[in-house]
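Accompanying notes for the structure given below.
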DNA sequence: GCCCAGGTGTTTC
DNA sequence: GAAACACATGGG
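In the working numbering, the protein residues as written are 2 to 224.
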């Protein structure tokens, strides 16, 4: 077990789950709301995203048709609390245009094809695409983010500067034998975020960390 | 005032 | 490819 020495990707999951419990992600009511949230949370605190989504709901604009119908500068005003609002207004419209044209086909497309299609949409990069694939459409892709790089580089499992695809491949490969990969990938990423917000921060709080016994970085913050 | 936050596109080398 | 930069609000 992971009580002593280094963690693996598999044992760190067990430890995080025991520490924090199930996270019940994604924080959003519908697949479409999850898609919107995935764009709005790009390099942005979730509390700010919630305000922007509340604005969309207030204006009855949480649908692809409504977002495409509203002028870009009006949409940007509604998105203002989430930051980068001009950029995100354009990205959200691009995603909605794609969704309008492809929503019917999604359930019949295989995951590789779907991922390729999402990555071709303006403003949808690998992390946003994988958020949507995993949390909105329940496809078995592992989401890599800045928190994942920080935690697992501190644990000594990765360097941290590997390419996105390299890390996604690593995590998916290590967890490939799990019976329900969608549920595990969902829970694991959520646990990484939870752990990063409270404990594995830029300045780590290793004295509170459930992984401290296997984490070389605990020394750095122990004084 | 400064750092940080669930990235991505563009430009440049 | 990969490094540098723009994009912006709100909390600690």
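The C-beta atom is built at its ideal place from N, Cα and C for all residues, glycine as well. No experiment lies behind these values; they were computed from the predicted model shown.
Practice problem: Check whether the region 59-70 touches the region 154-173, counting contact only when three or more Cβ pairs, one atom from each stretch, lie closer than 8 angstroms. | Solution: These segments do not touch.
Quiz item: Can you list, in chain order, the residues of its chain whose CB lies under 8 angstroms from that of residue 223, leaving out five sequence neighbours each side?
Solution: Here residue 223 corresponds to residue number 222 of the first chain, with the count starting at 1. Note that residue 223 scores 45 on pLDDT, short of 50, meaning its location in the model is unreliable; the coordinates nonetheless yield the value given after this. Excluding positions up to five away in sequence, the list reads 207 and 208.
Quiz item: Under the three-state reduction of DSSP, which class applies to residue 78: helix, strand or coil?
Solution: Mapped onto the first chain, residue 78 falls at position 77. Helix.
Self-check item: 8 angstroms contact criterion, which residue 169 and residue 145 should meet: CB distance rounded
Solution: By 1-based counting over the first chain, the position of residue 169 is 168. By 1-based counting over the first chain, the position of residue 145 is 144. That pair is a contact at about 5 angstroms.
Practice problem: Report yes or no: do three or more beta-carbon pairs, one from the region 103-115 and one from the region 71-79, lie closer than 8 angstroms? | Solution: Counting Cβ pairs under 8 angstroms, fewer than three are found: no touch.
Exercise. Within 10 angstroms of the Cβ of residue 89, are there 16 or more other Cβ atoms? Answer buried if so, exposed if not.
Key: Translated into the one-based positions of the first chain, residue 89 becomes position 88. Buried, since its Cβ has 16 or more Cβ neighbours within 10 Å.
Self-check item: 4 or more residues per run - each alpha helix (DSSP H) lying fully within the region 13-92
Solution: 32-41, 47-59, 65-70 and 73-80, all fully within the region 13-92.
Quiz item: Going by the beta-carbon positions, is the gap between residue 152 and residue 201 smaller than 9 angstroms?
Solution: Residue numbering aside, residue 152 sits at position 151 when the first chain is read from its first letter. Residue numbering aside, residue 201 sits at position 200 when the first chain is read from its first letter. In contact: residue 152 and residue 201 (Cβ atoms closer than 9 angstroms).
Quiz prompt | Straight-line gap, residue 213 to residue 190 (C-alpha atoms, nearest Å) | solution = Start at 1 with the first residue of the first chain, and residue 213 comes out as number 212. Start at 1 with the first residue of the first chain, and residue 190 comes out as number 189. Near 19 angstroms, if we compare the C-alpha coordinates of residue 190 and residue 213.
Practice problem: Counting only the same chain and skipping the five closest in sequence on each side, list residues whose C-beta sits under 6 angstroms from that of residue 125. | Solution: The residue labelled residue 125 in the question sits at position 124 within the first chain. Once the five neighbours on either side are set aside, the close Cβ partners of residue 125 are 119.
Quiz item: Which runs of the alpha helix (DSSP H) fall wholly inside the region 140-164 and span at least 4 residues, in chain order?
Solution: 147-155
Quiz item: For residue 158 versus residue 16, is the C-beta spacing smaller than 9 angstroms?
Solution: Sequence index remark: in the first chain, residue 158 carries index 157 (1-based). Sequence index remark: in the first chain, residue 16 carries index 15 (1-based). Cβ distance not < 9 angstroms, so residue 158 and residue 16 don't count as in contact.
Quiz item: Using CA coordinates, which residue listed in 139, 93 and 23 is at the minimum distance from residue 108?
Solution: Along the first chain, read from residue 1 onward, the residue named residue 108 stands at position 107. Cα-wise, what sits closest to residue 108 is 139.
Practice problem: Compute the distance between the beta-carbons of residue 98 and residue 80, then report whether it is under 9 angstroms. | Solution: Stepping through the first chain from its first residue, residue 98 is reached at position 97. Stepping through the first chain from its first residue, residue 80 is reached at position 79. Contact: no.
Self-check item: Collapsed DSSP secondary structure at residue 181 in the structure displayed
Solution: Working through the first chain from its first residue, we reach residue 181 at position 180. In the three-state scheme derived from DSSP, where H, G and I count as helix and E and B as strand, residue 181 is classed as coil.
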